[in-house]
Every structure is written in C-alpha cells, then in structure tokens.
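To keep things clear, I will list the structure first and then write my remarks on it.
Residue numbers (my numbering): 29 to 336.
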C-alpha cells in the first residue's frame, strides 16, 4: 500500500501561501513579526538528522543556516552514511554513540535510530519543536522516497508525535556533484523561510497538523547549482519506481547486482513533475502507510464476500 497522498487543508493553505508570499531560495530568510520586549519568543528547538552521516555537507549546511536563523539546533545523526536504509530502526541490541563536539551526537545506526536516541536521551523530557532530516544529497521523490533514510528519519519523528520535515537537494537528472552541493545553500534558504512561515501560522501551537510531515525536494538549478527555483508546488509522491534491479548469475552461487536508472513519465501534479520543472516540491506524508480513501474503497470492494 502507498502512503496516503491526501493533502490536509492546512498544508494546502501553507503551500499556497509559500507560492504567493516570497520567491524561493533567496539569501534573506522571511522573518516572523518581532515579539514584544515583554514576551520574547523562545528559540525554536530543532533536532537535525540525515542519512548521509553527521559530518556530510548537507547536514552541516543545514546546521549553519538554521542556527544563523536563530533556531536552537542539535545534530543527532548517523555516524556513517546510511543512505537507502528507509525506516529501519532498533535492529541491534546495543548502539554506539559519540559526542564529538557541542550540539552534535553521532549514532552508529540508522536515521531512525538517531532520531529515537535523540528524542529519548538528548531531548529527554522536553521534545523538540521540530525534527528536520537533511538536506539529503540527491532527490527523495517517487519510489526513492519510500526507501530513503532521510525520509525514514522524519517518519521516526512522526511516529513519536513530533512534527518533521525531510529535505532533499537534487532531481532525477544527475548533475555534477559540486552543483548539488552548491544547491544546498538555496535549499536551506528556502527551508528557513518555510519553517518561519510554519511558526508564524502556528502561533504557539504545533508547527504542522498532528501526524503530518513534509517531504521537501529542492531542484538543482543551473549548471553550477546556484540558480533560483521557478516556484513552489504542493505535490504528492509520484507512484513510479525509477530504480530497476538487474541480476546476473556469476555461475558460482553468487549474483551480480546492477541497479539501473529508468525514470518513467512523470505523474501530473506529482513531485517528479515539479522538480523536473525546477520547482520546489512539497508533499505531505504520514507515518502509518495507510492508503488514501480511493484505494481503501477499491480494496473494500475487492474483499466483499470473502470469508475466512
């Protein structure tokens, strides 16, 4: 079953406001109205994770930009690259954790392990306001999102009742790696504006509707990755699976595995279509993997009359 793709009205309003409010990916963040001197706003507390590793360029850029925006950011992320681990968590009886520098925890496990450790131990008794996972090196659109450790970190937060945003930089067309790293700056500029808008709309309440997270994919614009995105689109996860495995028998009981990239035509209104058009795709997601109303109704019709 696919993750539910019905966008809650609140999320649609948010995305429409982002489209109408400011141009995406500029250097100056959109700031909330200044609080009065009598009631200063407490810094937004963010648990920052990823699947590329705690010292990867994307998470370090995210830490830099989010901290500069005035947020209280703590990295709790995998010790090593955990790309493609999806929602895997708690698969070992013990876990090694390092604390290499202030505000940084490195967990020898998956993004899900990192988030659970962070919520249980680093933020014990006082959950963060938001979990941000990323920015990931490369896209997490279509079927890639289903297997993404970056998205898996966000799902772990949602399962624990904490609002979450997964951030990724890149599209299905593979650019020069340097261009992707350059595009992480615009990705985080937009992320700051998005989070700030969420906080302004939420006032003193939750940043997102209960159980709902956002999967944000920022394109790499221009040959150097420093271009400005063409807009922002409220999307859904394209149902295609662009990675196709190919197995070759080695004749000795082992098989060579080759993963081929075979993108399909983009679904209208989906995240692939938006990123292909150099737009920032924002897809709502939840953590329970339920199908949407149409799929549930079709399944009920198929099961009519079936007895154990």
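The beta-carbon is built from N, C-alpha and C at its ideal position, and this holds for glycine as well.
Discussion item. Whole angstroms are fine: how far does the CA of residue 152 sit from the CA of residue 233?
Written reply: Residue 233 and residue 152 have their alpha carbons spaced roughly 20 Å apart.
Fill in: Rounded straight-line distance, which links the Cα of residue 195 to that of residue 132
As the crow flies, the alpha-carbon of residue 132 is around 19 Å from that of residue 195.
Worksheet item: Leaving out five residues before and five after residue 127 in sequence, what residues of the same chain have Cβ atoms less than 7 Å from its Cβ?
Response: Excluding its 5 nearest sequence neighbours in each direction, residue 127 has C-beta neighbours in its own chain below 7 Å: 133, listed in chain order.
Discussion item. Which residue wins for smallest C-alpha separation from residue 291, given the options 273, 322, 87 and 320?
Written reply: Residue 291 has its Cα closest to that of 273, out of 273, 322, 87 and 320.
Fill in: Distance between residue 143 and residue 94 (C-alpha atoms, nearest Å)
Answer to the nearest angstrom: the Cα atoms are 18 Å apart.
Worksheet entry | Nearest candidate by alpha-carbon position, reference residue 248, set 175, 207 and 181 | Taking the Cα of residue 248 as reference, the smallest distance to any Cα among 175, 207 and 181 is reached at 207.
Worksheet item: Which one or two residues does DSSP pair with residue 276 in a beta bridge?
Response: For residue 276, the beta-bridge partners assigned by DSSP are 284.
Discussion item. For the stretch 177-188 against the stretch 209-227, do three or more pairs of beta-carbon atoms, one drawn from each stretch, fall closer than 8 Å, so that the two count as touching?
Written reply: The stretch 177-188 makes no contact with the stretch 209-227: fewer than 3 CB pairs, one atom from each, lie closer than 8 Å.
Worksheet entry | First and last residue of the uninterrupted alpha helix (DSSP H) at residue 145 | Where residue 145 is concerned, the enclosing alpha helix (DSSP H) stretches over 139-145.
Discussion item. Suppose you measure from the CA of residue 229 to the CA of residue 72; what does that come to, to the nearest Å?
Written reply: CA-to-CA, the gap between residue 229 and residue 72 works out to about 14 Å.
Worksheet item: Nearest to residue 267 by alpha carbon, out of 201, 293, 333 and 100?
Response: Nearest of 201, 293, 333 and 100 to residue 267, Cα basis: 293.
Practice prompt. Within 10 angstroms of the Cβ of residue 287, are there 16 or more other Cβ atoms? Answer buried if so, exposed if not.
Written response: It counts as exposed.
Worksheet entry | residue 218, DSSP secondary structure in three states | Secondary structure of residue 218 (DSSP, three-state): helix.
Worksheet item: Which residue's Cα is closest to the Cα of residue 289: 301, 172, 123 and 314?
Response: In this structure, 172 is the residue among 301, 172, 123 and 314 with its C-alpha nearest to the C-alpha of residue 289.
Fill in: The beta strand (DSSP E) enclosing residue 126, as first and last residue numbers
125-129 is the span of the beta strand (DSSP E), which, as asked, contains residue 126.
Discussion item. One question on the structure: do residue 256 and residue 216 come within less than 9 Å of each other, judged by their Cβ atoms?
Written reply: No, they are not a contact pair.
Worksheet item: Are residue 165 and residue 198 close, meaning C-beta to C-beta below 9 Å?
Response: Contact: yes.
Practice prompt. Measure from the alpha carbon of residue 309 to the alpha carbon of each residue in 332, 298 and 204, then state which is nearest.
Written response: Here the closest residue by C-alpha is 298.
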